[in-house]
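These notes are about the structure you will find just below.
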Amino acid sequence: MSKRPVHEIEAKWQAEWEKSKLYQAADPGKDTAEKFYGLVEFPFPSGEGLHVGHPRSYIAVDAMTRKQRMSGKNVLYSIGWDAFGLPAENYAIKHKVKPQDATQKNINNFRRQLKSIGFGFDWDREIDTTDPKYFKWTQWQFLQFFKHGLAYKAKTNINWCPKDKIGLANEEVVAGCCERCGTPVEKREKEQWMIAITQYAERLIADLDTVDYLPQIKSQQINWIGKSEGAYIDFAVGHETVRVFTTRPDTLFGATYLVLAPEHPLAAGHEEAKTYIEAARKKTEIERTNEDKEKTGVRLEGVMAINPANGQEIPIWISDYVLAHYGTGAIMAVPAHDERDEAFAKKFDLPIVQVISEEQIMINSGFMDGVPAWKAKDEMISWLEEKKCGEGTTTYKLRDWVFSRQRYWGEPIPIINCKKCGHVPVPDDQLPLTLPDVDVYEPTDSGESPLASMRAWVEVKCPTCGGDAERETDTMPNWAGSSWYFLRYCDPHNDQALASPEKLKYWMPVDLYNGGMEHTTLHLLYSRFWYKFLWDIGAVPQECGSEPYKVRRSHGLIMAQGGEKMSKSKGNVVNPDDVVNEYGADVFRLYQMFMGPFDQAVPWDTNGIEGVRKYLDRVWVLFVGAQFIAPQGVINHARTLELETLYHQTVKKVTEGIDHMHFNTCVSQLMILLNAFSDAGGIPETMQKGFIQLLAPFVPHLAEELWQKIGATGSVHRSGWPSFDSSKLQASSFTLVVQVNGKIRGKAVVDSTVSEDEAKAKALELVEKWLEGKTPKQVIYVKGKLVSVVV
RNA sequence: GCCGCGGUGGCGGAAUUGGUAGACGCACGGGACUCAAAAUCCCGCGAUCGUAAGGUCAUGAGAGUUCGAUUCUCUCCCGCGGCACCA
Numbered sequence: 000m001s002k003r004p005v006h007e008i009e010a011k012w013q014a015e016w017e018k019s020k021l022y023q024a025a026d027p028g029k030d031t032a033e034k035f036y037g038l039v040e041f042p043f044p045s046g047e048g049l050h051v052g053h054p055r056s057y058i059a060v061d062a063m064t065r066k067q068r069m070s071g072k073n074v075l076y077s078i079g080w081d082a083f084g085l086p087a088e089n090y091a092i093k094h095k096v097k098p099q100d101a102t103q104k105n106i107n108n109f110r111r112q113l114k115s116i117g118f119g120f121d122w123d124r125e126i127d128t129t130d131p132k133y134f135k136w137t138q139w140q141f142l143q144f145f146k147h148g149l150a151y152k153a154k155t156n157i158n159w160c161p162k163d164k165i166g167l168a169n170e171e172v173v174a175g176c177c178e179r180c181g182t183p184v185e186k187r188e189k190e191q192w193m194i195a196i197t198q199y200a201e202r203l204i205a206d207l208d209t210v211d212y213l214p215q216i217k218s219q220q221i222n223w224i225g226k227s228e229g230a231y232i233d234f235a236v237g238h239e240t241v242r243v244f245t246t247r248p249d250t251l252f253g254a255t256y257l258v259l260a261p262e263h264p265l266a267a268g269h270e271e272a273k274t275y276i277e278a279a280r281k282k283t284e285i286e287r288t289n290e291d292k293e294k295t296g297v298r299l300e301g302v303m304a305i306n307p308a309n310g311q312e313i314p315i316w317i318s319d320y321v322l323a324h325y326g327t328g329a330i331m332a333v334p335a336h337d338e339r340d341e342a343f344a345k346k347f348d349l350p351i352v353q354v355i356s357e358e359q360i361m362i363n364s365g366f367m368d369g370v371p372a373w374k375a376k377d378e379m380i381s382w383l384e385e386k387k388c389g390e391g392t393t394t395y396k397l398r399d400w401v402f403s404r405q406r407y408w409g410e411p412i413p414i415i416n417c418k419k420c421g422h423v424p425v426p427d428d429q430l431p432l433t434l435p436d437v438d439v440y441e442p443t444d445s446g447e448s449p450l451a452s453m454r455a456w457v458e459v460k461c462p463t464c465g466g467d468a469e470r471e472t473d474t475m476p477n478w479a480g481s482s483w484y485f486l487r488y489c490d491p492h493n494d495q496a497l498a499s500p501e502k503l504k505y506w507m508p509v510d511l512y513n514g515g516m517e518h519t520t521l522h523l524l525y526s527r528f529w530y531k532f533l534w535d536i537g538a539v540p541q542e543c544g545s546e547p548y549k550v551r552r553s554h555g556l557i558m559a560q561g562g563e564k565m566s567k568s569k570g571n572v573v574n575p576d577d578v579v580n581e582y583g584a585d586v587f588r589l590y591q592m593f594m595g596p597f598d599q600a601v602p603w604d605t606n607g608i609e610g611v612r613k614y615l616d617r618v619w620v621l622f623v624g625a626q627f628i629a630p631q632g633v634i635n636h637a638r639t640l641e642l643e644t645l646y647h648q649t650v651k652k653v654t655e656g657i658d659h660m661h662f663n664t665c666v667s668q669l670m671i672l673l674n675a676f677s678d679a680g681g682i683p684e685t686m687q688k689g690f691i692q693l694l695a696p697f698v699p700h701l702a703e704e705l706w707q708k709i710g711a712t713g714s715v716h717r718s719g720w721p722s723f724d725s726s727k728l729q730a731s732s733f734t735l736v737v738q739v740n741g742k743i744r745g746k747a748v749v750d751s752t753v754s755e756d757e758a759k760a761k762a763l764e765l766v767e768k769w770l771e772g773k774t775p776k777q778v779i780y781v782k783g784k785l786v787s788v789v790v
């Protein structure tokens with residue numbers, strides 16, 4: 000038997016595909032076929048190179064897009080580099096090289112690795128977010144946000160990571176710590192560029208109804224945006240007013256005190272509160288939220304608020320359990336119907352008034368008494384609006400996007416700060432605004448970007464008045480370039496626009512987007528928002544629709560052997576280079592698809608790879624080894640019919656399995672089919688091509704080689720997709736199962752054409768001894784499956 | 001606490017408009033080939049009782065619906081992920 004020359008085959012076809020541009024996506028024209036746009040999250044090219052979990056998503060979508068391409072669709076599937084960002088800059092600092100050079104080196108390594116796996120990417124559409132030709136449009140888009148009033152500079156408390164020396168968006172803070180390095184985040188007051196994503200909060204929730212995302216993705220996004228419907232209520236405090244937000248306006252009569260956040264303006268200036276406010280400011284976010292729920296607070300002496308519902312005077316407290324950045328930073332406390340208020344009231348001995356009875360009827364509520372609880376919320380809002388002391392409203396947990404980073408390796412924010420004219424956009428014809436070439440990238444403790452010290456770059460003339468001005472020195476977060484890259488794939492070399500409307504109309508929306516769950520509240524949310532904005536201002540044509548991704552799926556993580564997470568520190572990371580070198584790309588790909596359900600975490604298993612390698616060796620032997628293609632007549636007629644049934648079942652299963660991402664069962668089925676061919680002594684000629692075509696999305700190199708070996712013309716990857724004949728899915732006989740009182744008592748192989756009466760008669764005969772002479776009460780027949788006898 | 005996903009052999013996992021539980025692969029055991037080993041091929045492989053034929057039990061636990069439940073309903077337990085003093 001000839002050994003399968005894995006590496007020769009793979010190198011040969013990779014070179015051939017590259018030369019013939021086999022996977023090139025056609026630009027839309029008169030006769031262009033129907034499109035299919037498959038998308039995977041483009042990688043950040045780290046210094047460590049790919050690890051084995053990385054390509055899982057790419058292999059899956061590669062199989063899906065290959066199948067689409069074989070079916071005749073015009074497929075867009077491409078790749079690129081999300082190459083700006085903190086890790087690249089830290090890498091450069093550590094290795095004393097320029098971020099530009101380090102990034103290029105890493106990109107080259109990633110490209111080599113991806114090419115060795117044999118993806119069907121259209122490499123002519125490769126994207127690099129750090130390429131000035133690309134980020135020219137990232138900057139242009141930022142200026143559109145600015146010109147439409149959605150990008151603004153504001154002094155706010157931001158999340159500051161003292162280790163990375165960088166400001167973080169809320170989405171980048173996990174449990175009060177920096178998402179990247181785990182350092183507890185501090186609060187710092189800073190002027191930052193912000194983008195008003197909150198203006199899209201409602202649409203970001205509502206439009207989820209129009210797309211097909213995994214349920215957990217939708218619910219995580221909804222959760223993150225955090226919509227609450229309730230009311231603002233105004234409490235008079237002397238000559239001033241304190242406005243609170245509540246989701247329970249119905250319990251207004253039970254409000255026995257107010258609580259303000261320590262940052263609330265009304266709290267300032269009260270001598271007795273000073274120490275408390277000072278202490279609260281010093282605490283980190285985790286300290287403030289992790290205090291085992293033991294409530295603290297201080298009463299503001301000598302001030303009372305008037306409850307607008309009953310005119311009662313109630314005290315005002317400050318406490319850090321009320322958050323400054325949510326609602327109005329002030330609440331009405333209803334201890335009878337809110338756990339937190341109850342804990343606070345009990346600790347400080349404040350009155351508790353129940354306003355909803357056990358029977359869900361309003362009590363102790365003046366004009367609301369007797370109203371059913373379910374109606375009370377709406378009635379109270381109407382009353383508040385009528386009396387002009389409040390209004391119904393909706394709030395969101397989502398906050399505006401902190402868009403500034405005080406680091407070197409990012410897109411410079413193209414704004415010029417002029418004392419006279421304010422923030423002035425860099426004129427479009429001066430884009431891209433590139434980074435100055437410098438020697439020092441170290442971030443500063445002062446929280447200023449290293450760009451600030453490059454005076455020659457910073458000092459410019461104001462484009463509006465011509466006076467002395469300074470460039471903005473903050474850069475954009477790495478989420479900027481990745482928020483629109485899928486649009487650029489449609490038209491990657493355009494220097495007149497981010498992409499031409501014609502091409503966008505043809506390719507958008509993305510038909511399938513696969514990526515990690517960890518990006519659900521970051522990249523996925525940002526890019527949906529970004530896209531909606533571009534769509535609103537007409538930079539993306541109306542025809543593309545309001546959502547960028549029709550379908551969103553997520554892959555499970557690959558764990559280390561044994562079930563732990565793969566990590567550099569544990570030394571259990573599997574490098575795809577090693578796997579490809581030892582087994583070849585096809586084995587690597589097939590194993591990834593076979594190892595477990597695509598959407599679930601699965602441990603890497605070296606033994607499992609061996610099994611897949613054996614399978615491909617056996618496929619090889621069947622075609623080119625001793626068993627070769629079965630000549631006519633070697634396989635008898637009955638056997639051929641059996642194989643035919645199995646073949647058509649396999650075509651159906653693989654066709655549907657790929658579309659539904661049930662890759663592991665597709666591979667099982669292909670194994671079953673091969674086992675049957677082996678047992679029969681070869682492959683009937685009528686099934687040869689189809690079998691190779693079914694293998695092609697999973698093992699493209701081997702399939703192409705076999706395609707050539709059997710003398711077929713062209714590439715298997717453009718050869719069509721096999722179809723199944725529904726009439727041939729049914730075997731000529733089946734095993735009839737007979738149950739008595741729900742237990743299996745007999746089996747018999749019967750002809751598929753068996754009638755109901757025949758089946759029942761046969762069944763009763765088979766299980767006679769179990770009936771013990773009794774007459775069956777009921778006999779149930781399930782066609783093609785079983786007979787159930789009840790006695 | 002809230003939301004989402006999941007729990008099936010020694011292991012990864014199949015099977016759901018309710019109809020043969022454990023497909024396929026791994027590991028393991030036995031055999032063939034070999035001086036021997038590797039590779040390859042063949043057979044076996046949930047537990048339990050039985051020489052066997054065959055029986056009984058078994059899909060996290062318990063109940064329910066049904067001729068029949070891994071699949072549907074209810075109650076509970078455990079694991080993973082997300083959010084969390086959000087008023």
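Quick note on numbering: numbering that gives the first Met the number 0 labels position 751 of the first sequence as 750, and the sequence is numbered without any gaps.
Here a beta-carbon is modelled for each residue, glycine too, at the ideal position from N, C-alpha and C.
As the structure is a prediction and not an experimental result, all values here were calculated from the model.
Any non-hydrogen atom of the ligand ATP within 7 angstroms of G301 CB = As for the ligand ATP, it is missing from this structure, which has no ligand bound.
Look up W316 in the DSSP assignment and give the residues it is bridged to.
-> Beta-bridge pairing links W316 to V258, R298.
Have a look at T155 and K281 and give me their C-alpha separation to the nearest angstrom.
-> C-alpha separation (whole angstroms): 16 angstroms.
If V601 and G595 are in contact, beta carbons under 8 angstroms, what's the gap, nearest whole angstrom?
-> Indeed they touch by this definition, with Cβ atoms about 3 angstroms apart.
Residue burial classification, G310 (beta-carbon count within 10 angstroms, cutoff 16) | Exposed, because fewer than 16 other Cβ atoms sit within 10 Å of the Cβ of G310.
Per the contact definition of three or more C-beta pairs closer than 8 angstroms, is the stretch 212–228 in contact with the stretch 512–525?
-> Result yes; three or more Cβ-Cβ pairs closer than 8 angstroms.
For C417, collect the residues of the same chain with a Cβ closer than 6 angstroms to its Cβ; drop the 5 residues on either side in sequence, then sort them by chain order.
-> Excluding positions up to five away in sequence, the list reads V423, C461, A468.
Proximal residues to L770 (C-beta, below 8 angstroms), its chain only, five neighbours per side dropped | Within the same chain, Cβ atoms closer than 8 angstroms to the Cβ of L770 are found at V739, L763, V788, V790, the five residues on either side in sequence being excluded.
Beta-bridge partners of H94, as assigned by DSSP = Answer is none; H94 lacks a bridge partner.
Give me whichever residues DSSP pairs with R551 in a beta bridge.
-> Answer is Y212, Y512.
If V578 and V96 are in contact, beta carbons under 8 angstroms, what's the gap, nearest whole angstrom?
-> Rounded, the Cβ-Cβ distance is 29 angstroms, inconsistent with contact.
Residue(s) in a DSSP beta bridge with Q138 = Partner residues in a beta bridge of Q138, as assigned by DSSP, do not exist.
Considering only residues of the stretch 680–765, which uninterrupted beta strand (DSSP E) runs meet the minimum length of 3 residues and lie entirely inside it, listed in chain order?
-> Qualifying beta strand (DSSP E) stretches, in chain order: 732–739, 742–750.
Considering L234, what are the terminal residues of the beta strand (DSSP E) in which it resides?
-> Correcting the residue type first, residue 234 is Phe in the shown sequence and not Leu. Unbroken beta strand (DSSP E) run through F234: 226–236.
Of the residues T274, E201, E378, the one placed nearest L251, counting alpha carbons only | The candidate whose alpha carbon is nearest that of L251 is E378.
Taking contact to mean at least 3 C-beta pairs separated by less than 8 angstroms, is the stretch 197–209 in contact with the stretch 424–443?
-> Because the criterion of three Cβ pairs below 8 angstroms is not met, the stretch 197–209 and the stretch 424–443 do not touch.
Determine contact between the stretch 47–65 and the stretch 81–100, defined as no fewer than three beta-carbon pairs at a distance below 8 angstroms.
-> Not touching, per the Cβ criterion.
Straight-line gap, G772 to N674 (C-alpha atoms, nearest Å) = Rounded to the nearest angstrom, the two C-alpha atoms are 45 angstroms apart.
Test item: CB-CB of S499 and T472 under 8 angstroms = No.
Cβ separation of N477 and F83, assumed to be a contact under 8 angstroms, to the nearest whole Å = Right, their Cβ atoms sit about 5 angstroms apart.
8 angstroms CB neighbourhood of W159 in its chain, flanking five on each side removed | Only I165, G166, L167, V184, E185, K186, R187, K189, G446 meet the Cβ criterion.
Please name the residue in F402, T433, S227, R744 whose C-alpha comes closest to that of D130.
-> Out of F402, T433, S227, R744, T433 has the C-alpha closest to the C-alpha of D130.
Report the residue from I305, T327, E270, L640 whose alpha carbon sits nearest the alpha carbon of H238.
-> Comparing Cα-Cα distances from H238 to each of I305, T327, E270, L640, the minimum goes to I305.
Could you say which of N363, G365, I355 lies nearest to W373 if we only look at CA atoms?
-> Comparing Cα-Cα distances from W373 to each of N363, G365, I355, the minimum goes to I355.
Is there contact between the stretch 52–72 and the stretch 692–701, where contact requires at least three CB pairs shorter than 8 angstroms?
-> Yes, the stretch 52–72 touches the stretch 692–701.
Does the Cβ-Cβ distance between L322 and A260 come in under 8 angstroms?
-> Contact: yes.
Length of the line joining the Cα atoms of M0 and V748 = Confidence in M0 is poor, its pLDDT being 44 and thus under 50, which makes the residue's placement unreliable; the coordinate value appears in the next sentence. When rounded, the distance between both Cα atoms is 38 angstroms.
Start-end ranges of the beta strand (DSSP E) lying completely within the stretch 475–541, minimum 3 residues = Complete beta strand (DSSP E) runs here, min 3: 511–514.
Pick helix, strand or coil for F627, following the three-state DSSP scheme.
-> Residue placement at F627 cannot be trusted, given a pLDDT of 46 that sits under 50; what the coordinates show is reported in the next sentence. Look at F627 here: in three-state DSSP terms it is coil, with no helix or strand label.
Beta-carbon proximity check, G37 vs V74, cutoff 8 angstroms = Yes, the Cβ-Cβ distance between G37 and V74 is below 8 angstroms.
Could you give the distance in angstroms between the alpha-carbon of W619 and the alpha-carbon of A584?
-> A straight line joining the alpha-carbon of W619 with that of A584 spans about 15 angstroms.
Do you know how far the Cα of K273 is from the Cα of E228?
-> CA-to-CA, the gap between E228 and K273 works out to about 33 angstroms.
Residues that DSSP places opposite K34 in a beta bridge = BP columns for K34 point to N73.
By how many angstroms is the C-alpha of D510 removed from the C-alpha of H554?
-> Going from the Cα of H554 to the Cα of D510 covers about 17 angstroms.
R552 to W483, Cα distance in whole Å?
-> R552 and W483 have their C-alpha atoms roughly 18 angstroms apart.
My understanding is that I126 touches G175, with C-beta atoms under 8 angstroms, so please give their C-beta distance in whole angstroms.
-> Not quite, the Cβ-Cβ distance comes to about 35 angstroms (not below 8 angstroms), so this is no contact.
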